[in-house]
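Report on one structure; see the data block that follows.
In this note's numbering, the protein residues as written are 15 to 369.
And the structure:
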């Protein structure tokens, strides 16, 4: 419930006419409030122990509401709870770290994720890269469906007067954790500043996290602290306005399941620079909507950023191409239709199976 992606999915499916019940052990945040047509069920025990302790409570809710199927989001904690409940049919959507990172943490976690995946009747992935990784972990009983996150083009749109800005603002919207490579963004920005001493530049880092103090100190050491703004955590509803303050969007993650933040930036008409990991190459057309560079390479990132800030026409063309790419392939209505078709296919297959 604390995830804006969960809220978007349940709203989208409700808008497609499904009677949606959201069952969660997480508290809602103000910007994630649900529409009235969605029924919320709160489980009594909080995470992480709730992934085990809520088993009987979830079974009781399922007996009461009698759903056509259970759609579980995230293969880790909620996947474990879903497996322990033994409800069928179940659709399990995995989101990223649950299949990309968690299985490598320990043999026990590897077993847990594999068991959760195998317990589900249907599987769905937000990216091709994650689908491929999951097929390395288990042999699914059915093909894995692709259900990418979508972007609302009426919320994420370009700033009309961006070209009139005299300052080039490079930025990102990410949690301040090591996996998102903010260190490399800071180092790349420092290189760009050094090479362009007379160009007005700013760095905007939107998001909170455990590494904020460490990254602020790195900005001091790199002598770019006076040009860098750390906003801290912001509500999801504020993200579009922050994106519209940028000239270039940068995502230098070390691991990334899909890259919805990159799509949001592209929808705002921004050229993007991303690392060549996970699902990021799926959401960027290299040389058309942005640049894909090797991960953990501040020099390559600096070179790509420099090309964009020194060639306004290239940046504008990539921004326009990026928005067109998102609207054609990842607009929220399109991705919602894909999920709705999957729901329809599951219901049809279950009816045939029970006949």
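Glycine residues also receive a C-beta, built at the ideal position from the N, C-alpha and C atoms.
>> Using a Cβ distance threshold of 8 Å, determine whether the segment 293–308 contacts the segment 329–341, with at least three qualifying pairs required.
In response: yes
>> Three Cβ pairs or more, each shorter than 8 Å: is that satisfied between the segment 237–255 and the segment 338–350?
In response: no
> Using CA coordinates, which residue listed in 104, 255 and 100 is at the minimum distance from residue 171?
Replying inline: Taking the chain shown and counting its residues from 1, one reaches residue 171 at position 157. With distances taken between Cα atoms, residue 171 lies closest to 255.
> On the three-pair Cβ rule with 8 Å, is the segment 179–197 touching the segment 46–66?
Replying inline: no
> Rounded C-beta distance between residue 165 and residue 250? I'm assuming under 8 Å.
Replying inline: Mapped onto the chain shown, residue 165 falls at position 151. Mapped onto the chain shown, residue 250 falls at position 236. The pair is not a contact, with the Cβ atoms about 12 Å apart (cut-off 8 Å).
>> Quick check: what's the CA-CA separation for residue 269 versus residue 193?
In response: Looking up residue 269 in the chain shown gives position 255. Looking up residue 193 in the chain shown gives position 179. About 6 Å.
>> Could you compute how far the alpha carbon of residue 218 sits from the alpha carbon of residue 183?
In response: Looking up residue 218 in the chain shown gives position 204. Looking up residue 183 in the chain shown gives position 169. Taking the straight line joining both Cα atoms gives about 7 Å.
> Is it true that the CB of residue 27 sits closer than 9 Å to the CB of residue 357?
Replying inline: Taking the first residue of the chain shown as position 1, residue 357 is located at position 343. Taking the first residue of the chain shown as position 1, residue 27 is located at position 13. Yes, they are a contact pair.
> What residue from 130, 361, 293 and 311 has the CA that sits closest to residue 200's CA?
Replying inline: Position 186 of the chain shown, counting from 1, holds the residue named residue 200. Residue 200 has its Cα closest to that of 311, out of 130, 361, 293 and 311.
>> Using only the alpha-carbon positions, how far apart do residue 58 and residue 114 sit?
In response: To locate residue 58, count along the chain shown from 1; it is residue 44. To locate residue 114, count along the chain shown from 1; it is residue 100. Roughly 30 Å separates the two Cα atoms.
> In the segment 227–259, which residue ranges form an unbroken alpha helix (DSSP H) of at least 4 residues, counting only runs that do not cross its ends?
Replying inline: 253–257
>> Can you find the residues in the same chain that come closer than 6 Å, C-beta to C-beta, to residue 322, ignoring five residues on each side of it along the sequence?
In response: The residue given as residue 322 occupies position 308 in the chain shown. Within the same chain, residue 322 has close Cβ partners 262, 285 and 329.
> I think residue 191 touches residue 224, with their Cβ atoms under 8 Å apart; what is that distance to the nearest whole Å?
Replying inline: Along the chain shown, read from residue 1 onward, the residue named residue 191 stands at position 177. Along the chain shown, read from residue 1 onward, the residue named residue 224 stands at position 210. Their Cβ separation, rounded to whole angstroms, is 6 Å, which keeps residue 191 and residue 224 in contact under 8 Å.
> Ordered along the chain, which non-local residues of its own chain (more than five positions away) have a Cβ less than 7 Å from that of residue 72?
Replying inline: Counted from its first residue, the chain shown places residue 72 at position 58. Cβ neighbours of residue 72 beyond the five flanking positions: 37, 57, 95 and 99.
> What is the rounded straight-line gap between the Cα of residue 86 and the Cα of residue 104?
Replying inline: As a first step, residue 86 must be located in the chain shown, where it is residue number 72. As a first step, residue 104 must be located in the chain shown, where it is residue number 90. So the two alpha carbons sit approximately 7 Å from each other.
>> Using the three-state DSSP reduction, which class does residue 102 fall into: helix, strand or coil?
In response: Counting from 1 along the chain shown, the entry for residue 102 is found at position 88. Residue 102 falls in the coil class under three-state DSSP.
> Which residue comes first and which comes last in the alpha helix (DSSP H) that contains residue 55?
Replying inline: Reading the chain shown from its first residue, position 41 is the one you call residue 55. Premise fails: residue 55 lies in the beta strand (DSSP E), 53–56, not in any alpha helix (DSSP H).
> Helix, strand or coil: which one does DSSP assign to residue 113?
Replying inline: Here residue 113 refers to the residue found at position 99 of the chain shown. In the structure shown, residue 113 sits in a helix (DSSP, three-state: H, G or I).
> Would you call residue 367 buried or exposed, if buried means 16 or more other Cβ atoms sit within 10 Å of its Cβ?
Replying inline: Against the chain shown, residue 367 aligns to sequence position 353. Flag for residue 367 reads exposed.
> Hey, how far is the Cα of residue 248 from the Cα of residue 275?
Replying inline: On the chain shown, residue 248 is found 234 positions in, with the first residue counted as 1. On the chain shown, residue 275 is found 261 positions in, with the first residue counted as 1. Residue 248 and residue 275: Cα-Cα distance of roughly 14 Å.
> My guess is that residue 157 and residue 272 are in contact by the Cβ rule of under 8 Å, so how many angstroms apart are they, rounded?
Replying inline: If you number the chain shown from 1, residue 157 lands on position 143. If you number the chain shown from 1, residue 272 lands on position 258. About 19 Å separates the two Cβ atoms, so there is no contact after all.
>> Which residue wins for smallest C-alpha separation from residue 245, given the options 229, 215, 292 and 235?
In response: Translated into the one-based positions of the chain shown, residue 245 becomes position 231. Of the listed residues, the one whose Cα sits closest to residue 245 is 229.
> How long is the line joining the alpha carbons of residue 79 and residue 69, rounded to whole angstroms?
Replying inline: For the purposes of this step, residue 79 is taken as the residue at position 65 of the chain shown. For the purposes of this step, residue 69 is taken as the residue at position 55 of the chain shown. Each residue's Cα considered, the two are about 16 Å apart.
> Would you say residue 131 and residue 159 are within 9 Å of each other, going by their C-beta atoms?
Replying inline: Along the chain shown, read from residue 1 onward, the residue named residue 131 stands at position 117. Along the chain shown, read from residue 1 onward, the residue named residue 159 stands at position 145. No, the Cβ-Cβ distance between residue 131 and residue 159 is not below 9 Å.
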